[in-house]
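Mapping of the sequence shown onto mature numbering (1 follows the signal peptide of the UniProt record, and there is no 0): residues -21 to -1, 1 to 239, in sequence order. Report on the following structure.
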Amino acid sequence: MKYFAATALSLSMAISGSAGAETPDSEERVKSVSPALAKFQRDTLQGDLWQRPALSPRDRSVITVAAVIARNQTALMTEQFNLALDNGVTAAELSEIITHLAFYTGWGNAMAAVAAAREVYQQRGISAAELPVADPQRLPLDEVAEGLRVSAVENAVGSEQFPGLVAYTTDVLFHDLWLRPALAPRDRSLVTVSALVANGQVAQITFHLNKAMDNGLTQQQAGEVMAHLAFYVGWPNAMSAVPVAKEVFAKRSSVSSVTR
């Protein structure tokens, strides 16, 4: 057990600094195992990907945090949580991302993130007073969009056959979780899309990518999200999401052309 803990700590230290914060010592740790990986990390991830202007460093941190939680990549959590806080994600927002992902990636993944975030918060002196309250005043509900969503879920799932799932989807997710104010709607959508891509859940991407773009994500930014995620969730997952994203872009462009 002690050996495992030490190994995990060494790995976490070795891969720290995905946005240019890597120390010479940590690069040497990676080089001692894989010189090629160290070079890709330095030149491609830190020197290129994280510097691309289509997404802000904060957006990239939101995406990466969502990805590592979605895939339960505990070796990356501490470094990426720290980096997110350095890049402008607040402690309240990070807390809310973890809460959100409990529903979209599973309670166990969220609990693993809680353990890592707790240590980060303690080291930074972040107190409970800086975190979102459990029962805040909710954001207003978009009645028109919600009506369309309810109809779509009823048609696709059905409250007669799956009453519990349909009820929880409405009452807990869309009338509660999505209306919590500690995370802006665009951020919440960015987290959700990133988690879906991370886990290869392409069937859900159409709805949530449309919702993300309704919440302010541009087509260029959505394309860059896929490029960024390729490194953190693997090329196959990013490539599998592309046909769905292209269909979303095409349909939105068609509707936009008609309404001009």
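For every residue, glycine included, the Cβ atom is placed at its ideal position computed from N, Cα and C.
Helix, strand or coil at residue i [DSSP, three-state]
{"i": "Phe153", "result": "helix"}
{"i": "Gly26", "result": "coil"}
{"i": "Glu139", "result": "coil"}
{"i": "Val68", "result": "coil"}
{"i": "Gln199", "result": "helix"}
{"i": "Val12", "result": "coil"}
{"i": "residue 267", "result": "With the chain running from -21 to 239 in the structure shown, residue 267 is simply not present."}
{"i": "Asp38", "result": "helix"}
{"i": "Ala191", "result": "helix"}
{"i": "Arg167", "result": "helix"}
{"i": "Arg159", "result": "coil"}
{"i": "Asn178", "result": "coil"}
{"i": "Gly87", "result": "helix"}
{"i": "Val234", "result": "helix"}
{"i": "residue 249", "result": "Since the first residue shown for the chain is -21 and the last is 239, residue 249 is missing from the structure and cannot be characterised."}
{"i": "Asn61", "result": "helix"}
Through-space distance from residue j to residue i, alpha-carbon basis
{"i": "Ser173", "j": "Ile76", "result": "12 Å"}
{"i": "Phe141", "j": "Thr78", "result": "24 Å"}
{"i": "Leu118", "j": "Ala177", "result": "28 Å"}
{"i": "Leu55", "j": "Ala124", "result": "36 Å"}
{"i": "Pro115", "j": "Pro160", "result": "8 Å"}
{"i": "Ala191", "j": "Val145", "result": "22 Å"}
{"i": "Val68", "j": "Arg97", "result": "16 Å"}
{"i": "Ser106", "j": "Ser233", "result": "48 Å"}
{"i": "Tyr100", "j": "Gly137", "result": "42 Å"}
{"i": "Pro32", "j": "Ala163", "result": "21 Å"}
{"i": "Thr(-15)", "j": "Val41", "result": "Per-residue confidence for Thr(-15) stands at a pLDDT of 35, beneath the threshold of 50, marking its modelled position as unreliable; no derived number is given."}
{"i": "Thr53", "j": "Gly179", "result": "19 Å"}
{"i": "Glu203", "j": "Val221", "result": "11 Å"}
{"i": "Ala206", "j": "Glu6", "result": "24 Å"}
{"i": "Glu139", "j": "Gly126", "result": "18 Å"}
{"i": "Glu72", "j": "Pro215", "result": "29 Å"}
{"i": "Val93", "j": "Arg8", "result": "27 Å"}
{"i": "Trp157", "j": "Ser13", "result": "42 Å"}
{"i": "Leu62", "j": "Ala201", "result": "22 Å"}
{"i": "Val223", "j": "Val212", "result": "17 Å"}
{"i": "Lys225", "j": "Ala131", "result": "21 Å"}
{"i": "Ala49", "j": "Phe228", "result": "25 Å"}
Exposure label - residue i; buried when at least 16 CB within 10 Å
{"i": "His154", "result": "exposed"}
{"i": "Ser11", "result": "exposed"}
{"i": "Asp27", "result": "exposed"}
{"i": "Gln20", "result": "buried"}
{"i": "Gln59", "result": "buried"}
{"i": "Thr197", "result": "exposed"}
{"i": "Arg39", "result": "buried"}
{"i": "Leu64", "result": "buried"}
{"i": "Glu133", "result": "exposed"}
{"i": "Arg167", "result": "buried"}
{"i": "Leu120", "result": "exposed"}
{"i": "Trp86", "result": "exposed"}
{"i": "Ser74", "result": "buried"}
{"i": "Val151", "result": "exposed"}
{"i": "Val112", "result": "exposed"}
For residue j and residue i, believed in contact at Cβ under 8 Å, the rounded distance
{"i": "Phe210", "j": "Leu34", "result": "Contact flag wrong, Cβ pair sits at about 13 Å."}
{"i": "Ala95", "j": "Ala89", "result": "Not really, about 11 Å apart at Cβ, beyond 8 Å."}
{"i": "Ser219", "j": "Val170", "result": "With 8 Å as the limit, Ser219 and Val170 do not qualify as a contact, their Cβ atoms being about 19 Å apart."}
{"i": "Ala108", "j": "Leu208", "result": "That pair is no contact at about 34 Å."}
{"i": "Asn66", "j": "Arg103", "result": "Contact flag wrong, Cβ pair sits at about 14 Å."}
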